[in-house]
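Participant: Going by my numbering, the sequence shown opens with residue 100, and the numbers climb by one from there.
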Amino acid sequence: IDVGFFTRLGIRPNEGTMDVGLSVWLPGSELSVVRGVRDQGVMVDTGLEVAGVTYERLAPLKEWRITCDADAIVLELGEDGGMHPGKLAMDVTFSALIPAIGTDGQGKKSEGVSAETAKSVGRGHLEQSGRWSGWIEADGQRFRLGPEARGNRDKSWGPRKWGGPKMWRWFSINIGDDVHFGGIRIGTDAGDLHRGWVWKDGEAASIKEWDVKTELADDGLTHRVSHVRATDKRGRVHELRADVLRVAGLPQRHGDRRTIVNEGLARWTYEGRTGHGISEYLHQLDDDNRPLTPID
């Protein structure tokens with residue numbers, strides 16, 4: 100049974116809010132969604148609870164627990180579409196498999212593409228791969244995560260303005276316990292920014308280039324297969340393929356800019372081995388729902 104989830108919690112004391120989003124891919128073609136916001140005027144790292152979703156740090160840089168008991172909206176991702184109310188509960192724990200990779204971005208001056216990106220999607224960022232355990236329950240039906248459940252967590256510092264970048268391609272990839280990838284290619288007015296990392300043979304290396312070729316659905320917008328060549332700073336080229344199992348399209352609107360983030364639950368293949376993760380595409384759209392930046 101293929102069940103997965105993606106979630107984020109944003110603490111925005113400058114805006115006076117804390118907000119949460121939790122989306123669970125259910126077996127078949129449904130997505131159960133919980134969203135909420137509450138007042139928050141100061142920066143905190145405890146008491147992270149919004150709309151029935153709680154994040155709890157059990158051990159710094161090692162272990163997190165996420166629980167939920169909330170009303171949800173269940174979206175039908177198939178051709179027929181539609182939605183209905185539901186209930187969502189979960190109790191899952193993240194246990195790190197590798198050290199956190201990244202930087203908080205504080206006290207660091209950036210220029211060019213990096214400076215342009217920092218205006219909209221954060222000055223600092225870390226990612227970490229781990230093992231997930233626990234259970235997810237949708238409308239009374241419980242699914243227990245199996246022994247092969249893997250996934251990445253991340254943390255960003257600074258702004259997050261969905262309408263800022265021209266596009267992005269973000270990847271979260273886990274091949275067993277010993278091979279992991281994470282990273283992003285962001286389009287800006289100053290050019291494309293490539294950031295990321297690979298964990299292999301017990302150590303990390305930075306990714307300097309993401310070359311992405313995409314097979315699209317008939318709508319010309321939804322990705323179905325991502326062919327990725329990731330070149331690291333040691334000169335190694337990593338050939339990866341994501342077969343996208345289901346896509347959740349998350350629309351955003353900021354002023355006159357229309358944005359969609361297509362979250363793809365993906366089966367990744369690398370060097371004859373298979374794992375799972377996410378292939379995520381952000382697009383800015385024109386009035387006809389076409390991407391302003393062509394999809395390679």
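Even for Gly, the Cβ is constructed at its ideal location relative to N, Cα and C.
Predicted, not measured: the structure shown is a model, and the values here were computed from it.
1) If I'm right that residue 345 touches residue 124 with Cβ under 8 angstroms, what's the distance once you round it to whole angstroms?
2) Does the Cβ-Cβ distance between residue 233 and residue 244 come in under 7 angstroms?
3) So which of 170, 190, 194 and 193 has the shortest CA-CA distance to residue 183?
4) My output table needs one value for residue 139: the three-state DSSP class, helix, strand or coil.
5) Would you check if the segment 368–382 and the segment 268–275 touch, i.e. whether three or more CB-CB distances between them fall below 8 angstroms?
6) Does the segment 318–326 come into contact with the segment 288–302, if we say contact requires no fewer than three beta-carbon pairs (one atom in each stretch) closer than 8 angstroms?
7) Distance, Cα to Cα, residue 293 vs residue 286?
8) Rounded to a whole number of angstroms, what is the C-alpha to C-alpha distance between residue 313 and residue 330?
9) DSSP three-state label for residue 144, please.
10) Thinking C-alpha only, which one of 289, 333 and 290 is nearest residue 296?
11) Measure from the alpha carbon of residue 148 to the alpha carbon of each residue in 159, 174 and 120, then state which is nearest.
12) Quick one: what does DSSP say residue 368 is sitting in, helix, strand or coil?
13) Within its chain, find whatever has a CB closer than 7 angstroms to the CB of residue 307; leave out the 5 residues flanking it on each side and keep chain order.
14) Indicate the three-state DSSP secondary structure (helix, strand or coil) for residue 159 in the structure shown.
15) Between residue 131 and residue 185, which are expected to be in contact by the criterion C-beta below 8 angstroms, what is the C-beta distance as a whole number of angstroms?
16) Starting from residue 192, trace the beta strand (DSSP E) in both directions and tell me its first and last residue.
17) Per DSSP, what are the beta-bridge partners of residue 281 in this structure?
18) What first and last residue would you give for the beta strand (DSSP E) that runs through residue 311?
19) From the DSSP output, read off the bridge partner residues of residue 388.
20) Identify which residue in 394, 363 and 250 has its Cα closest to the Cα of residue 347.
21) Tell me which residue opens and which closes the beta strand (DSSP E) that residue 289 is part of.
22) Residue 226 lies in the beta strand (DSSP E); which residues open and close that run?
23) Which residue comes first and which comes last in the beta strand (DSSP E) that contains residue 255?
24) Going by C-alpha distance, which of 189, 223, 111 and 140 is nearest residue 165?
25) What's the C-alpha gap between residue 305 and residue 393?
26) Let's test the definition: count the other Cβ atoms within 10 Å of the Cβ of residue 142 and tell me whether it reaches 16, buried, or not, exposed.
27) Give the range of the beta strand (DSSP E) segment to which residue 71 is assigned.
28) Could you check where the beta strand (DSSP E) with residue 341 kicks off and where it finishes?
Facilitator: Reading from the atomic positions:
1) 6 angstroms
2) yes
3) Per the Cα distances, 170.
4) If DSSP states are grouped into helix, strand and coil, residue 139 belongs with coil.
5) yes
6) no
7) Approximately 9 angstroms between the Cα atoms of the pair.
8) Roughly 17 angstroms separates the two Cα atoms.
9) coil
10) It is 333.
11) 120
12) strand
13) 293, 330, 331 and 332
14) coil
15) The Cβ separation is near 6 angstroms, so the contact holds.
16) 182–195
17) 271 and 296
18) 302–315
19) Per DSSP, none; premise fails for residue 388.
20) Distances from the CA of residue 347 to each of 394, 363 and 250 were compared; the closest alpha carbon is that of 363.
21) Unbroken run through residue 289: none, as it is neither H nor E.
22) 223–237
23) In this chain, the beta strand (DSSP E) harbouring residue 255 covers 249–256.
24) 189
25) 27 angstroms
26) exposed
27) A question about residue 71 goes unanswered here, because the residues of the chain that appear run from 100 up to 395.
28) 336–353
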